[in-house]
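> Have a look at this one before I ask anything.
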Ligand SMILES: [Fe+2]
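Numbering (my numbering), first residue to last: 466 to 783.
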């Protein structure tokens, strides 16, 4: 039995905080689910979470806007390349028009026979809205932003990873993460993520042998990691042991992310993966359940740094 069921979240390092917030909430119609700060290191950096109104796992995109510390990375190969979200079949035209109307260049493309809208985050990271043929999740309706049910984003579809060696990821994704290879063509490889609620998400592997090596640090303009959902601690620790037994001995110890617990592992194709599960209480740990994402909150172990962190964050209007 698979120890993973769908994605938990995707995480990017971006540029300016305001453009990041406006991109996800106003252009794409997601909701703010949590506003906190980067828990690793010492530099004050926002950590912003976006997703469905209730913050359902598999809808969450999180960002670290890095403009204030001005730490930027290099996009390239052996790195995650494209953030993908699912949209209803037939809604690509709506999204092309909507994004172009907001000054975001967008066009329709196809890969693996599936229609997508290709565009970029203001920091340059490629995004796709994918007409997912099999996705039973409800669309994210956002009346305030004019996104109706027939067009709304359904959550994470997946991510495309660029690699030097097109077969480097096979064993990691199939034997390691219980994914199934669904396509293998000159467009690349596609693996479906196991999901107890039915198929809805993938990893795509794109062969880019001649590009520059992408950076792996926490740095603006790059995707940092792809988090899969283990549902609970037992599956997470079993999967950690399983990966270690395959030779991926650098699976990190469990880290406390306040709302969820995470272990990290570098894949052979360069992309960083996380295996995570949400704790009891989730997003409502520190805000009322109907007001999640509306205030700046800190984990208990950062409360003594509250004033210093607030003073060091990039100003934003939200
Ligand atoms: Fe994460």
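Note that CB positions come from ideal geometry on N, CA and C, so glycine has one too.
Between the Cα of residue 638 and the Cα atoms of 737, 618, 673, 554, which residue gives the shortest distance?
737
> Give me the residue from 772, 762, 507, 703 with the minimum Cα distance to residue 498.
762
> Run the proximity test for residue 736: is its beta-carbon closer than 6 Å to any non-hydrogen atom belonging to ligand 1?
no
> What's the call for residue 701, buried or exposed, on a 16-neighbour Cβ count within 10 Å?
buried
> What's the call for residue 546, buried or exposed, on a 16-neighbour Cβ count within 10 Å?
Around the CB of residue 546, 16 or more other CB atoms lie within 10 Å, so the residue is classed as buried.
> Would you kindly report the start and end of the unbroken beta strand (DSSP E) that includes residue 552?
544-552
> Measuring only from the beta carbon, is residue 692 closer than 6 Å to any heavy atom that is part of ligand 1?
yes
> Determine the direct distance from the alpha carbon of residue 725 to that of residue 747, and round the result to whole angstroms.
7 Å
> Hey, how far is the Cα of residue 616 from the Cα of residue 710?
43 Å
> Just the C-alpha distance for residue 734 and residue 633, rounded to the nearest angstrom, thanks.
6 Å
> Please confirm if the region 530-540 is in contact with the region 477-497, defined as three or more CB-CB distances below 8 Å between the two stretches.
yes
> Residue 423 to residue 713, Cα distance in whole Å?
As displayed, the chain neither begins before 466 nor continues past 783, which places residue 423 out of reach and without an answer.
> For ligand 1, any of its heavy atoms closer than 6 Å to the Cβ of residue 682?
no
> Flag this pair as yes or no: are the beta carbons of residue 581 and residue 595 separated by less than 7 Å?
yes
> Give me the residue from 676, 658, 570, 682 with the minimum Cα distance to residue 591.
570
> Could you check where the alpha helix (DSSP H) with residue 496 kicks off and where it finishes?
Here residue 496 belongs to no alpha helix (DSSP H); instead the beta strand (DSSP E) covers 496-502.
> Does the CB of residue 759 have a neighbour CB from chain C at under 7 Å?
Among the chains of the structure shown, chain C does not appear; only one protein chain is present.
> What do you reckon, are the CB atoms on residue 679 and residue 544 nearer than 7 Å?
yes
> Entirely within the region 637-698 and at least 3 residues each: give me those beta strand (DSSP E) ranges in chain order.
645-650, 653-657, 667-672, 687-694
> If we ignore side chains and look at the alpha-carbon of each, how far apart do residue 704 and residue 468 end up?
6 Å
> Which partner residues of residue 580 appear in the DSSP bridge assignment?
575
> Could you give the residue range of the beta strand (DSSP E) that holds residue 737?
Counting along the chain, the unbroken beta strand (DSSP E) around residue 737 starts and ends at 737-743.
> Anyone know if the C-beta pair for residue 741 and residue 470 falls short of 7 Å?
No; because the gap between Cβ atoms is not below 7 Å, this pair is not in contact.
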